[in-house]
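Counted the way this note's numbering counts, the sequence shown spans residues 829 to 1238.
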Amino acid sequence: MRDYLTFLFRVWRLSWQGSGRFYAWMSFLTALSLLGLHAWARQYVDGLQTTGMTNQVSWGAYIANFTFLVGVAAAAVMLVIPAYVYKKEHMHEVVLFGELLAIAVIVMCLLFVTVDLGHPDRFHHMIPPFGVFNFPGSILSWDVIVLNGYLLLNLHIAGYLLYCRYRRRRPTRRFYIPFVFLSILWAVSIHTVTAFLYVGLAGRTYWHHPLVPSRFLASAFVAGPALMVLSFQVIRRVARYHIGDLPIQTLRMIMTVAMIINMFLLLCELFTEFYYPTEHAAAAHYLYFGLHGHSGLVPWIWSAVGLNLLGLGLLVTPASRRIAWLNVACVSCFVGIWIEKGMGLIIPGFVPSPLGQVVEYLPTLNETLVCLGIWAFGALMYSWMLHVAIPIMNGSLRSTPLISDEPPTH
């Protein structure tokens, strides 16, 4: 116990040590986070009238970001599967970074759900012992369970492996391997259950589609690896930790396959909606071409389609083997899917309304500041975890000589 408390104290002390560049970056993110907190405080006082949401469009930028980020968190499994299932040794050097990213992103997801609550004081209903959880009847209660379960799994795996690395002790397999394989199934479940939140709303015909869960997973396995590729390059440029090209090229191949599947599913959806359109195609028509003179989302979705096609074109050609072009592909895919799963998924589900009303949605400045603050807090959290984890992984922060919990083999 004393060793663990010493470990926590050294981590806390390391958190405050760094270069001027590190302090500038963390100060910048802290300022943005506080700006978002101030905007949320204004929303808490004045209510959701400070957002662009209405009775007709009751979900907006908060739920759009939540949906996108759940996929990014689930994509950490794209590092776990090659490392632990297919025994790719080169993936072990980055798998921990993927788990830390999943932790930060899940916290962001929970924050986006919190700020979307009209009555944050009723948050206790999402905690089983204290409120009316409505389990298992409510899909939202399932989502709460899988998100928090995935967060706890990654906290345990990452925390245990880092502590063993700090102690220079070989980790005991039974303490983390079962949780690793459980996290693989759990990662798929968090995005599938999130998709069921939309698919289960039969009155919203734009979401009531069997391809939605499949597209969620396919797009997640593009956006998540894209963010990881970009973050790994920042890590090897800024931190004293070597990340080879093999993990990045493995993620590139995963992105390529997932992006092809995602675009194929999009084509199937467009064929279903537009080949012989019915009244149920009104939302898709509003999204891609406008409806009754309202076309607020048209520039968004065609920008997303263009970015996704650009990213796919780069990924399927040898050009993406060069880091510069791979970065362009990653940024294009990440932004394109963020638009597609955000403004391109959430808003059309409410337009037109069940009464045929066309009410357009645009985030307000206050709403945008809240979103910016949460993104900044997620980046702040991930930066801090990397700042602590990298010295442990490269051996500059360690405790005792090599110790093993497992009996020696003869």
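The C-beta atom is built at its ideal place from N, Cα and C for all residues, glycine as well.
Taking 8 Å as the cut-off, the beta carbon of Ile-967 is found closer than this to the beta carbon of Val-1021. For Met-829, no alpha helix (DSSP H) run applies, since DSSP gives it neither H nor E. Inclusion of Leu-990 and Gly-1201 in the CB contact set at 8 Å is not warranted, their separation being larger than that value.
Rounded to whole angstroms, the Cβ separation of Ile-1165 and Val-1027 is 19 Å, and the two are not in contact under 8 Å. Exposure of Asn-962 is indicated by the presence of fewer than 16 other C-beta atoms within 10 angstroms of its C-beta.
In the structure shown, Arg-997 adopts extended strand secondary structure according to DSSP, grouped into three states.
Separation of the CB atoms of Phe-1007 and His-984 is rounded to 6 Å, and the pair is thereby assigned contact status at 8 Å. In this structure the segment 1067-1082 does not touch the segment 928-946; the number of beta carbon pairs closer than 8 Å is below three. Within the same chain, Met-919, His-920, Val-923 come within 6 Å of Ala-911 by CB-CB distance, once the 5 residues on both sides are set aside.
Sixteen is the threshold: since fewer than 16 other Cβ atoms of the shown chains lie within 10 Å of the Cβ of Pro-1105, the residue is exposed.
In the DSSP assignment, Glu-927 falls within the unbroken alpha helix (DSSP H) covering 920-944. In this structure Ala-1015 does not touch Ile-931 by the C-beta definition: roughly 13 Å separates them, more than the 8 Å allowed.
In the three-state reduction of the DSSP assignment, His-1120 falls in the coil class, being assigned neither a helical nor a strand state.
Nearest to Ile-1063 by alpha-carbon distance, out of Leu-1214, Met-854, Trp-970, is Leu-1214. Between Val-941 and Phe-896 the beta-carbon gap is near 13 Å, outside 8 Å, which marks them as no contact. Ile-1220 is the residue among Ser-886, Ile-1220, Val-898, Val-908 whose C-alpha sits nearest the C-alpha of Ala-1067. In this structure the segment 880-887 touches the segment 1164-1178; the number of beta carbon pairs closer than 8 Å is three or more. Following the DSSP letters along the chain, one finds Gln-1061 inside the alpha helix (DSSP H) bounded by residues 1039-1066. Per the C-alpha coordinates, the member of Trp-1035, Leu-1125, Leu-1115, Ser-843 positioned closest to Pro-1191 is Leu-1125. Glu-1097 is not a Cβ neighbour of Leu-1135, given a cutoff of 8 Å. In the three-state reduction of the DSSP assignment, Trp-970 falls in the helix class. The beta strand (DSSP E) runs lying completely inside the segment 849-912 and spanning 3 residues or more number zero. Where Pro-1075 is concerned, the enclosing alpha helix (DSSP H) starts and stops at 1073-1102. For Asp-944, same chain residues with a beta-carbon under 7 Å away, outside a window of 5 residues either side, are Tyr-890, Ile-891 in chain order. Each of Gly-846, Leu-1058, Ile-1167 was checked against the Cα of Ile-1151, and the nearest Cα belongs to Leu-1058. Per DSSP, Glu-1195 is one residue of the alpha helix (DSSP H) stretching across 1193-1221.
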